[in-house]
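Q: In full-length UniProt numbering, the protein residues as written are 1 to 290.
1) Classify residue 208 as helix, strand or coil using the three-state DSSP reduction.
2) Do residue 207 and residue 167 have their CB atoms nearer than 9 Å?
3) Looking at the unbroken beta strand (DSSP E) that takes in residue 30, where does it start and where does it end?
4) If we ignore side chains and look at the alpha-carbon of each, how far apart do residue 80 and residue 48 end up?
5) Does DSSP put residue 245 in a helix, a strand or coil?
6) Taking the CB atoms as reference points, tell me whether residue 66 and residue 32 lie closer together than 9 Å.
7) Return the residue from the list 71, 270 and 174 that minimises the CA-CA distance to residue 221.
8) Where in the region 254–284 do unbroken runs of the beta strand (DSSP E), each at least 3 residues long, occur, reported from the N-terminal end onward?
9) Roughly how many whole angstroms lie between the Cα atoms of residue 27 and residue 94?
10) What are the uninterrupted segments assigned as alpha helix (DSSP H) that are 4 or more residues long and contained completely in the region 188–233, given in chain order?
11) In terms of residue numbering, what span does the alpha helix (DSSP H) encompassing residue 167 cover?
12) Just to confirm before moving on: does the CB-CB distance between residue 36 and residue 54 stay below 9 Å?
13) Pull up the distance between the alpha-carbon of residue 262 and that of residue 270, whole angstroms please.
14) Could you check where the alpha helix (DSSP H) with residue 133 kicks off and where it finishes?
15) Should residue 133 be labelled buried (16 or more other beta-carbon atoms within 10 Å of its own) or exposed?
16) Is the region 251–260 close to the region 147–159, with three or more CB pairs under 8 Å?
17) So who's on the other strand from residue 118, going by DSSP bridges?
18) Excluding five sequence neighbours on each side, which residues of the same chain lie with their C-beta closer than 8 Å to the C-beta of residue 200?
19) My understanding is that residue 238 touches residue 162, with C-beta atoms under 8 Å, so please give their C-beta distance in whole angstroms.
20) Where does residue 182 land, buried or exposed, given buried means 16+ other C-beta within 10 angstroms?
21) In or out: residue 171 buried (at least 16 other Cβ within 10 Å) or exposed?
22) Would you mind working out which of 69, 108, 212 and 74 sits nearest residue 185, comparing C-alpha positions?
23) Can you round the beta-carbon distance between residue 165 and residue 142 to whole angstroms, since I take them to be within the 8 Å contact cut?
24) Do you know how far the Cα of residue 90 is from the Cα of residue 59?
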């Protein structure tokens, strides 16, 4: 267990998690600008991209690159700087750090080293999309990016099929059509979805409808820009039937498997052994009463 008093006098520096605009620079907060000016370093996902933001707000603080490809190398360096008393602001290219962006591992490392981690509130694409989607805003589940391969993604949709809460995803515009096709195939064509495109930017657009209608719309469009996809939760979830515990008698269990799955005693013995983490020979002897 550990506790953190964020604003007590510290012997170390502080890691600030600073959100940046997801499109419109006007969404930068006064506090975010102030922190970026006051810290010793800014750890940026892309220093070139962040430079544009810093220039716009006349922020002169020096940057260090911190992205998914140099995380393991950079974290010890950042921890050493923080332990020496320097403060660091971590930013991603857009929105909140650590959400589908680098940062989580750095936060964990700071907590382990008893270095304060101070989050700032600000822009977030998922929540911004949710409140304008028209879908039930609470409860909701943030999933992030889906698996890319068709088979894997359909298995993922299947695992999410019974969820009753609104689900939030990020998706590439180039994979969006296939994603909706997979969704419709598994969750059904009537499941309501909302495509939120280019949030806070000039070409912001919301497409609301069931999976079938949205898919027809996608067949006629070339979609570009940043995409946030929201999916309605299951309004009629199936009741979860609790499985009966295994029968105490191994022979009885083998007979049940043979009957329910219409398999031979040999195959049933293999299944029972695997299900119960028992040796096949042990199940075989019990079944044949050896």
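C-beta: ideal position from N, C-alpha, C; glycine also.
A: Let's see:
1) The count along the chain shown starts at 1 and reaches residue 208 at position 208. Three-state DSSP puts residue 208 in a strand.
2) Start at 1 with the first residue of the chain shown, and residue 207 comes out as number 207. Start at 1 with the first residue of the chain shown, and residue 167 comes out as number 167. The answer is no: Cβ separation not under 9 Å.
3) On the chain shown, residue 30 is found 30 positions in, with the first residue counted as 1. That residue, residue 30, is in no beta strand (DSSP E); its alpha helix (DSSP H) goes 30–38.
4) The residue labelled residue 80 in the question sits at position 80 within the chain shown. The residue labelled residue 48 in the question sits at position 48 within the chain shown. Cα to Cα, the separation comes out at about 24 Å.
5) The sequence position of residue 245 within the chain shown is 245, counting from 1. Residue state, collapsed to three classes: coil.
6) Locating residue 66 in the chain shown gives position 66, where the first residue counts as 1. Locating residue 32 in the chain shown gives position 32, where the first residue counts as 1. Taking a C-beta distance under 9 Å as the contact criterion, residue 66 and residue 32 do not qualify as a contact pair.
7) Taking the first residue of the chain shown as position 1, residue 221 is located at position 221. Cα-wise, what sits closest to residue 221 is 174.
8) none
9) Translated into positions along the chain shown, residue 27 becomes position 27. Translated into positions along the chain shown, residue 94 becomes position 94. In a straight line, the C-alpha of residue 27 is about 11 Å away from that of residue 94.
10) 211–218
11) As a first step, residue 167 is located in the chain shown; it is residue number 167 there, counting from the start. No alpha helix (DSSP H) contains residue 167, which is instead part of the beta strand (DSSP E) from 166–171.
12) Locating residue 36 in the chain shown gives position 36, counting from the first residue. Locating residue 54 in the chain shown gives position 54, counting from the first residue. Yes, the Cβ-Cβ distance between residue 36 and residue 54 is below 9 Å.
13) Position 262 of the chain shown, counted from the first residue, corresponds to residue 262. Position 270 of the chain shown, counted from the first residue, corresponds to residue 270. Going by the C-alpha atoms only, they are around 14 Å apart.
14) Start at 1 with the first residue of the chain shown, and residue 133 comes out as number 133. Going by DSSP, residue 133 is part of the alpha helix (DSSP H) stretching over 125–133.
15) On the chain shown, residue 133 is found 133 positions in, with the first residue counted as 1. Buried, by the Cβ-count rule.
16) The region 147–159 and the region 251–260 do not touch, with fewer than three beta-carbon pairs separated by less than 8 Å.
17) Numbered from 1 along the chain shown, position 118 holds the residue referred to as residue 118. Residue 118 is bridged to 16.
18) Stepping through the chain shown from its first residue, residue 200 is reached at position 200. Result list for residue 200: 21, 22, 23, 24, 27, 123 and 128, in chain order.
19) On the chain shown, residue 238 is found 238 positions in, with the first residue counted as 1. On the chain shown, residue 162 is found 162 positions in, with the first residue counted as 1. The pair is a contact, with the Cβ atoms about 6 Å apart (cut-off 8 Å).
20) Position 182 of the chain shown, counting from 1, holds the residue named residue 182. Counting the other Cβ atoms within 10 Å of the Cβ of residue 182 gives 16 or more, which makes it buried.
21) Here residue 171 corresponds to residue number 171 of the chain shown, with the count starting at 1. Buried: at least 16 other Cβ atoms inside 10 Å.
22) Indexing the chain shown from 1 puts residue 185 at position 185. The candidate whose alpha carbon is nearest that of residue 185 is 212.
23) Translated into the one-based positions of the chain shown, residue 165 becomes position 165. Translated into the one-based positions of the chain shown, residue 142 becomes position 142. With a beta-carbon spacing of about 10 Å, residue 165 and residue 142 fall beyond the 8 Å limit used to define contacts.
24) Counting from one through the chain shown, the residue named residue 59 turns up at place 59. Counting from one through the chain shown, the residue named residue 90 turns up at place 90. Using only the alpha carbons, I get a separation of about 14 Å.
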